[in-house]
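Here's the structure we're looking at; comments come further down.
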Amino acid sequence: MPTVTMTVNGKKVSGEVEARTLLVQFLRENLHLTGTHVGCDTSQCGACVVHINGDSAKSCSMLAVQAEGTEVTTIEGLANGDELHPMQAAFKEHHGLQCGFCTPGMVMSAVDLVKKKPKASEHEIREWLEGNICRCTGYHNIVKAIQHAQQTM
Amino acid sequence: MPDGGTGIGAAVKRVEDKRFLTGRGNYTDDINRPGQTYAYILRSPHAHAKINKIDTSAATSAPGIVAVFTGADMQVGSIPCGWQIHSKDGSPMHEPAHPPLAQGKVRCVGDQVAIVIADSYSQAKDAAEKIVVDYTPLPAVVDMSKALSGKTLVHDEIGTNLCYDWAIGDEALTDAAFAKAAHVTKIDIVNNRLIPNAMEPRAAIGEYDQATGEYTLYTTSQNPHVIRLLMGAFVLSIPEHKLRVVAPDVGGGFGSKIFHYAEEAIVTWASSRVRRPIKWTADRSEAFMSDAHGRDHVTHAELAMDSEGKFLALKVDTKANMGAYLSTFASSVPTYLYATLLAGVYTTPVIYCNVKAVFTNTIPVDAYRGAGRPEASYLLERLVDRAARELGLSQADIRRRNFIPTDAFPYQTPVALQYDSGNYTATLDSAQKAADVDGFAARRKASEARGKRRGLGYSTYVEACGIAPSAVVGSLGARAGLYESAEVRVHPTGSVTVFTGSHSHGQGHETTFAQLVSEKLGMPMENIEISHGDTNKVQFGMGTYGSRSLAVGGEAIVKALDKVIAKAKKIAAHIMEASDSDIEFKDGVFTVAGTDKTLPFGQVALTAYVPHNFPHQELEPGLDEKAFYDPLNFTFPGGCHICEVEVDPDTGVVTVERMTAVDDVGRVVNPMIVAGQIHGGLAQGIGQALLEGCVYDEDGQLLTGSYMDYTMPRADNLPSFSVGTETTLCTHNSLGVKGCGEVGAIGSPPSVINAVVDALWDLGVRDVKMPASPQVVWAAINSARPAAAAE
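From first to last, the protein sequence lines stand for chains A and B.
Counting in my numbering, the first sequence runs from 7 upward without gaps.
Counting in my numbering, the second sequence runs from 473 upward without gaps.
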């Protein structure tokens, strides 16, 4: 079995995986970072979004071995100790989550959006979120949270 | 309520958010048990087939395989249905056997055929490929009319595909009213089949403790005690004291996680065979073909009116798809959760509704957000919209003429329910204002200048929730009581844990319920913990569905809190050497009336557990109270939804420009959470109206089997919403609450379709089916054009 090595949330990790192991499986099963979720099998829902070398990516759509040597940030690595990241704080402030299942991917995706398009309009925010499905909130408060984080990030 | 606002009415930020935002939620698939194995469920690829033989030998010898079981191995009870409906001739509904693993026949795509258990999930999945099932495919029946008229039987042993033929109301009186009507409006309606799609796929872990003989099931459920009852008593014969069911954090339910599913029974049963824990997690494609679906009604309805547009009578004929087996609440959805709502917000004096429930070779259909009530509101509000057009009345006017007047409550409908309170004029007025109906003509003109069509659609609705009075539902066939239970455990240092039988899977109970405690005991939120979802912790519970958590579960908590306060007052009276009747309790402090003698709640709590100076003759030590609350009636939230759409007549694309909802959900405990619930319901309602539709081909193959084929509402399909409340209080619970979880999904679909029809009426379009996808709308426009030209 191949060995993979990468940096996850600032810590160097390695592990033996089957060649077919997805990055999300490596994170959840080998590293027990269960904050990254799997909501579909067609790369549509975005519950598994993490950052790879600073860019958001769906960890269900790449193999663990493809992440060799990368810097991966998961939802567990976003806050600064007990202090929430401004995007996490904005989601709480604006009730941008209900059941919490899509939330990790939604937050990771939104952080990347604000970094790449800091002044995105509501329309642009909604288009960016096309790859993240939420069944609870109707997106209304997620959009509001992201607009708030545009000011605080 | 303490200063800083954490009591009833405060928009308290959610206490559960931190764990979800930091990736520390604890969903079923996040749990791993020592020695755990992984299961893959082999499912039927056929809609209907005889199983001649299953050869598992190659699978059993594959790498990492622990065991393979088929229906021949798993001889257990049938998965039960929780509600017995009687047909109008008095005969009970047909309840064909529903085995967890198929017994010689499969009846829908996705039916469970075998479980493969291995050291890893991929080993189990690989080995399942090696199982050889010898099927003889049989003709399948998908369409309900064909199921009723044809020869193909889903269940040979019952000799029919008709589950029941039920009716409510007085047919003779209804026919007599029709005979005198000045005008009759007729409509044919399909309520499209939906796939619930909570974002967390279902999962289950079964575990057996050889030392104690106890089973534990971790499962994605809205009601762990109900699963314990159904699976323990009916399927596996495990008594309650040997069966623990844990529903930890659950990633959305919307009804689909109410039901007892085969996989729960299979992993629990198999765990005692392999003597290791077994985890099963559905992938999304599996969820599409194993989660119970929703809606799927076909209806013809007629509304009789006098010459002024006053409703005289309503006659409804509905066929409801049950799928291949009866799911837990399936039989109640198109009967007592549907036809009893057909009076809507109107004074229609006589109503008759006939419902035929039909078995087909499709996945079982059961409750999905709203469950029966969206089907009722869709039918009524489409019918009223059409009637207004035929009579030349405005959409608001025809509704106002027929509203149940505000002074008519309590109002007895002709279809069993008695509404306790409401003000339909207030919600309509308020919604019209919020939607800027006055400005619509100008906006329509602007759209037309750009070559687009614009439409405005109304829905004024009522629903029944706070489910439900046990005596009433029992008399209607429910096989359970629908009360709720709570325990308020005050700890020696004065902090509180509440154990509730309700289950939170997004609703924010840990916040809302804590607000009740904060209000009643004058206590800060950080001193309160809400515990739910574990049958070994929570005394009992009927769970969360039918917008019942606050109206029933919250009332149980209030009842227990009142008992705590009553006992605490006696303890305080003893300590302060006063009479019980002189003790007042406010903001967390006991006072002897008219004196400056006070005692904080924490001191009383400590005394209850360190009872050195305590009224032992009168009271037991401790401060821990339980309550069961059985509601006196359903609750009746209602309101008005107004949708404004723009349609591109060249492409058929519909854009929701404005979505306004003004709802009466009774007293609001947390306005932030209530608004969030309504937003989510609106998104699902708009999803049903414009995007979502389950499609089977005529052989029973599920064509919408993934997110590539089934259109989930995305952020860029929806506008920001305008939501508001107009409150009348529920008259039969102490909080005055009605419930808010389903109103968005119940009220909104007809407003959306009425808006699309409004936009296209002048082009000759008279009806648009759900989901009104660009293809559907384009076809409606283009088939109407020749007809419109000929008019």
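Every residue, glycine too, gets a C-beta built ideally from N, C-alpha and C.
All of these numbers come straight from a predicted model, not from anything done at the bench.
What does the Cβ neighbour count give for A/T11, buried or exposed, with the cut at 16 atoms within 10 Å? Residue mapping note: residue 11 of chain A aligns to position 5 of the first sequence, counting from 1. It counts as exposed.
Listing by chain order, which chain B residues have their CB less than 7 Å from the CB of A/V113? What you label residue 113 of chain A is simply residue 107 of the first sequence in a count that begins at 1. Those within 7 Å of A/V113 in chain B are L493.
Please report the straight-line C-alpha distance between B/D1239 and B/A1227, rounded to a whole angstrom. By 1-based counting over the second sequence, the position of residue 1239 of chain B is 767. By 1-based counting over the second sequence, the position of residue 1227 of chain B is 755. One C-alpha to the other measures close to 11 Å.
For B/C635 and B/K729, I'd like the C-alpha separation in whole angstroms. Start at 1 with the first residue of the second sequence, and residue 635 of chain B comes out as number 163. Start at 1 with the first residue of the second sequence, and residue 729 of chain B comes out as number 257. Spanning the two alpha carbons is a distance of roughly 23 Å.
Tell me which residue opens and which closes the alpha helix (DSSP H) that A/K121 is part of. Locating residue 121 of chain A in the first sequence gives position 115, counting from the first residue. Taken as a continuous stretch (DSSP letters only), the alpha helix (DSSP H) holding A/K121 covers T109 to K122.
Which bits of chain A does B/G978 rub up against, with CB to CB less than 8 Å? As a working note, residue 978 of chain B is residue 506 in the second sequence. Near B/G978 (Cβ distances below 8 Å), the residues of chain A are Q104, C105, G106 and C142.
Residues of chain A with CB closer than 9 Å to the CB of B/I1145, please, in chain order. Translated into the one-based positions of the second sequence, residue 1145 of chain B becomes position 673. What B/I1145 touches in chain A: H101 and Q104.
Taking all protein chains shown into account, do 16 or more other C-beta atoms lie within 10 angstroms of the C-beta of B/T965, making it buried, or fewer, making it exposed? Translated into positions along the second sequence, residue 965 of chain B becomes position 493. Label assigned to B/T965: exposed.
Using 10 angstroms around the beta-carbon of B/M1180, count the other beta-carbons present and answer buried if the total reaches 16, otherwise exposed. Translated into positions along the second sequence, residue 1180 of chain B becomes position 708. It counts as exposed.
In chain A, what lies closer than 8 Å to B/Y1265 by C-beta? Here chain B has residues from 473 to 1263 only, and residue 1265 of chain B is not among them.
Helix or strand or just coil, what does DSSP make of A/I139? Within the first sequence, the letter at position 133 stands for residue 139 of chain A. The answer is coil: DSSP assigns A/I139 none of H, G, I, E or B.
Can you tell me whether DSSP reads B/G1124 as helix, strand or coil? Numbered from its first residue, the second sequence carries residue 1124 of chain B at position 652. B/G1124: coil per DSSP, three-state reduction.
With H, G and I counted as helix, E and B as strand and the rest as coil, what does DSSP make of A/N59? Taking the first sequence and counting its residues from 1, one reaches residue 59 of chain A at position 53. Note: A/N59 maps to coil in three-state DSSP.
Distance check for B/D763 and B/N489, CA to CA, integer angstroms please. Along the second sequence, one-based indexing puts residue 489 of chain B at 17. Along the second sequence, one-based indexing puts residue 763 of chain B at 291. In the sequence as displayed, the identity of residue 489 of chain B is Asp instead of Asn. Each residue's Cα considered, the two are about 27 Å apart.
Identify the contact partners of B/F1193 in chain A, using a Cβ-Cβ distance below 9 Å as the criterion. Here residue 1193 of chain B refers to the residue found at position 721 when the second sequence is read from its first residue. Here the neighbours are G144 and H146.
Pick helix, strand or coil for B/I557, following the three-state DSSP scheme. Position 85 of the second sequence holds residue 557 of chain B. Three-state result, B/I557: coil.
Are the beta-carbon atoms of B/L852 and B/P1222 separated by less than 9 Å? Here the question's residue 852 of chain B lines up with position 380 in the second sequence. Here the question's residue 1222 of chain B lines up with position 750 in the second sequence. In this structure, B/P1222 lies closer than 9 Å to B/L852 by Cβ.
Using a beta-carbon distance below 9 Å, is B/H1151 in contact with chain A? Numbered from 1 along the second sequence, position 679 holds the residue referred to as residue 1151 of chain B. Output row for B/H1151: interface = yes.
Checking contacts by CB at 9 Å: is A/F97 closer than that to chain B? Sequence index remark: in the first sequence, residue 97 of chain A carries index 91 (1-based). Answer yes: the Cβ-Cβ gap between A/F97 and chain B drops below 9 Å somewhere.
Between the alpha carbons of B/A921 and B/D1120, how many angstroms are there, rounded? As a first step, residue 921 of chain B must be located in the second sequence, where it is residue number 449. As a first step, residue 1120 of chain B must be located in the second sequence, where it is residue number 648. Those two C-alpha atoms are separated by around 12 Å.
For B/W555, which residues of its own chain have a beta-carbon under 7 Å away from its beta-carbon, when the five flanking residues on both sides are left out? Within the second sequence, the letter at position 83 stands for residue 555 of chain B. Cβ neighbours of B/W555 beyond the five flanking positions: F801, S803, S804, G949, A950 and R951.
Go ahead and label B/M616 buried or exposed: buried means 16 or more other beta carbons lie within 10 angstroms of its beta carbon, across all protein chains shown. What you label residue 616 of chain B is simply residue 144 of the second sequence in a count that begins at 1. B/M616 should be labelled buried.
Neighbour-count burial assignment, B/A530, 16 or more Cβ in a 10 Å radius: By 1-based counting over the second sequence, the position of residue 530 of chain B is 58. With fewer than 16 other Cβ atoms within 10 Å, it is exposed.
Just tell me which of B/K1009, B/V626 and B/T528 has its CA closest to the CA of B/D606. The residue you call residue 606 of chain B lines up with position 134 of the second sequence. Of B/K1009, B/V626 and B/T528, the residue nearest in Cα terms is B/T528.
Classify A/G16 as buried or exposed, calling it buried when 16 or more other Cβ atoms lie within 10 Å of its own Cβ. To locate residue 16 of chain A, count along the first sequence from 1; it is residue 10. The residue in question, A/G16, is exposed, as its Cβ has fewer than 16 Cβ neighbours within 10 Å.
Counterpart residues of B/T969 in DSSP-defined beta bridges: Walking along the second sequence from the start, residue 969 of chain B turns up at place 497. B/T969 pairs with B/R961 and B/E1001.
Among residues of its own chain, excluding the 5 on either side of B/Y593, which ones have a beta-carbon nearer than 6 Å to its beta-carbon? Locating residue 593 of chain B in the second sequence gives position 121, where the first residue counts as 1. So the qualifying residues of the chain are Y510.
At what residues does the beta strand (DSSP E) containing B/W741 begin and finish? If you number the second sequence from 1, residue 741 of chain B lands on position 269. Where B/W741 is concerned, there is no enclosing beta strand (DSSP E), although the alpha helix (DSSP H) it sits in stretches over A734 to V746.
By Cβ distance below 8 Å, which residues in the same chain neighbour B/L1232 in space, the five residues on each side in sequence not counted? Numbered from 1 along the second sequence, position 760 holds the residue referred to as residue 1232 of chain B. R925, G927, V1119, P1121, V1240, V1249, A1252, I1253 and A1256.
Check the Cβ-Cβ distances between A/P110 and every residue of chain B, and say whether any is below 9 Å. Residue numbering aside, residue 110 of chain A sits at position 104 when the first sequence is read from its first letter. Chain B, which has a Cβ nearer than 9 Å to the Cβ of A/P110, makes this yes.
Which same chain residues, not among the five before or five after B/A693, have their C-beta less than 6 Å away from its C-beta? Taking the first residue of the second sequence as position 1, residue 693 of chain B is located at position 221. The question names Ala, yet the displayed sequence has Ser at residue 693 of chain B. For B/S693, where only same-chain residues beyond five positions count, the Cβ hits under 6 Å are I699, A719 and K729.
For A/Q50, which residues in chain B fall below 9 Å Cβ to Cβ? The residue you call residue 50 of chain A lines up with position 44 of the first sequence. Within 9 Å Cβ-Cβ: R756, S1178, Y1179, M1180 and M1184.
Which residue's Cα is closest to the Cα of B/D778: B/S1194, B/A785 and B/A654? For the purposes of this step, residue 778 of chain B is taken as residue 306 along the second sequence, with counting starting at 1. Of B/S1194, B/A785 and B/A654, the residue nearest in Cα terms is B/A654.
Proximal chain B residues relative to A/E22, where beta-carbon distance stays under 8 Å: Translated into the one-based positions of the first sequence, residue 22 of chain A becomes position 16. Those within 8 Å of A/E22 in chain B number zero; the least Cβ separation is about 13 Å.
If I measure Cβ to Cβ from B/P474 and keep anything under 8 Å in the same chain, skipping five residues before and after, which residues do I get? Within the second sequence, the letter at position 2 stands for residue 474 of chain B. Interpretation of B/P474 is limited by its pLDDT of 43, a score under 50 that renders its predicted location unreliable; the figure taken from the coordinates is listed afterwards. Closer than 8 Å at the Cβ level, and outside the excluded window around B/P474, lie S990, G994, M995, P996, D1059 and G1060.
In whole angstroms, what separates the C-alpha of B/F971 from that of A/K125? The residue given as residue 971 of chain B occupies position 499 in the second sequence. The residue given as residue 125 of chain A occupies position 119 in the first sequence. Distance between the alpha carbons of B/F971 and A/K125: 45 Å.
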